[in-house]
Structure formats: structure tokens, C-alpha cells
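S.K.: Below you'll find the structure I mean.
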Amino acid sequence: MRKAVFPGSFDPLTLGHTDIIDRALPLFDEIILAIGTNSSKKYMFNLEERLHFLEKTYENEPKVTVMTYEGLTVNFCKSQNAQFLLRGLRNGQDLEFEKAIGQTNFKMAGIDSVFLISSSGKSHISSTVVRDVIRHGGNYEFMVPDVVRK
Ligand code: ADP
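This is how it looks when you write it as C-alpha cells:
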């Protein structure tokens, strides 16, 4: 049973995230979409809303489970018997950042990371950009799935 955890803040879920999740589905028997909770971080969407975005989008996908966790991501993986972490790469900056985290996670816990590169036309999308556009009243709908569009 190949199980992966896809961790993130999902503040909000974007078409960049769903691109990675949808393309990873054939690779794994189960994917846990895991919202990391950090009490000192300020979010635009509360935890309930972020859970709803994920649960609604994947309600008909039996391979996907949605959970929340606190603390080290590798500890959460171990508690769920997940052997892999799934991450998306948009650009060289993501690669450099993820490389150090991926190497550390493997050294700490033997959990390997699987990276998928964004599909063409999706690498400009990030939750940060979506939040900025929302704050300034712009059109963000082309960057998010249906459930995030009001
Ligand atoms: P974090 O809080 O860890 O940055 P995010 O919710 O922003 O979490 O992202 C979770 C994962 O989704 C990360 O691996 C990130 O690289 C990936 N991701 C986000 N947007 C995109 C995108 N446009 N293309 C590919 N991967 C993406």
C-alpha cells in the first residue's frame, strides 16, 4: 500500500495544488491532504473553510483523505503509516527550499519525498498571489477550484 501525505496550508486551495494532487493519484493507493496547523500563523481562511475546500473538491475521490496535524510533518507521516511526502515544484526557488527539507526529512525519519513539477501554465499560481489579489478586489477565480469561488 503506497501512501503519501501532501502537506500544506491551503490558504486557499488553488489550481496549482489540485494539479499536483490529481497527477499524483495514479502513483499512490492513498493520498492524505494534510493541513498543518500553526497557532502563531495568521490565515486568511479559517481552518473550517480550508478543510471544506479540500473535502468538497475531493468528495468523490476514494483515494483522498483530508486531515489536520500539528508538529513535525514526518511525525504525522509515521502516525499514518505513510511512506512518502508529496510536494509540488514551481521553480528553482521551490527546488532549493524543498531540497533541504526533503533531505532533512529523509535523514530524520526515512520518509522520502516525491516531487511533481507544475503543469505548463500553472507555475504562476500560489496561495500568496491569490490572497493578494483577493485583498485588492481583483479577479482570482481563474486560479482556484469551484469551491473557493464565491
Ligand atoms: P506551504 O504552506 O507549505 O507553502 P502550500 O499550501 O502553499 O503550503 O503548498 C503546499 C504544496 O503545494 C507545496 O509543495 C507547494 O510547492 C505546492 N504548490 C503550491 N502551488 C503550486 C503550483 N502552482 N504548482 C505546483 N506546486 C504547487
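Position 106 (the sequence shown) corresponds to 454 in the numbering used here; numbering is contiguous. Virtual Cβ for every residue (Gly too), placed ideally from N, Cα, C.
(1) Where do the ends of the alpha helix (DSSP H) carrying LYS426 lie?
(2) Considering Cα atoms alone, identify which of GLY485, VAL462, SER467 and GLU396 is closest to GLN431.
(3) Would you check whether the ligand ADP has a heavy atom nearer than 8 Å to the C-beta of GLU397?
(4) Evaluate ARG435 with the Cβ neighbour count: other Cβ atoms within 10 Å of its Cβ, from every protein chain shown; 16 or more gives buried, anything less gives exposed.
(5) Give a single yes or no on whether GLU446 has its beta carbon closer than 8 Å to a heavy atom of the ligand ADP.
(6) Verify the contact flag: PRO355, CB atom, against every heavy atom of the ligand ADP, threshold strictly below 8 Å.
M.R.: Once the coordinates are examined:
(1) 421-427
(2) VAL462
(3) no
(4) buried
(5) yes
(6) yes
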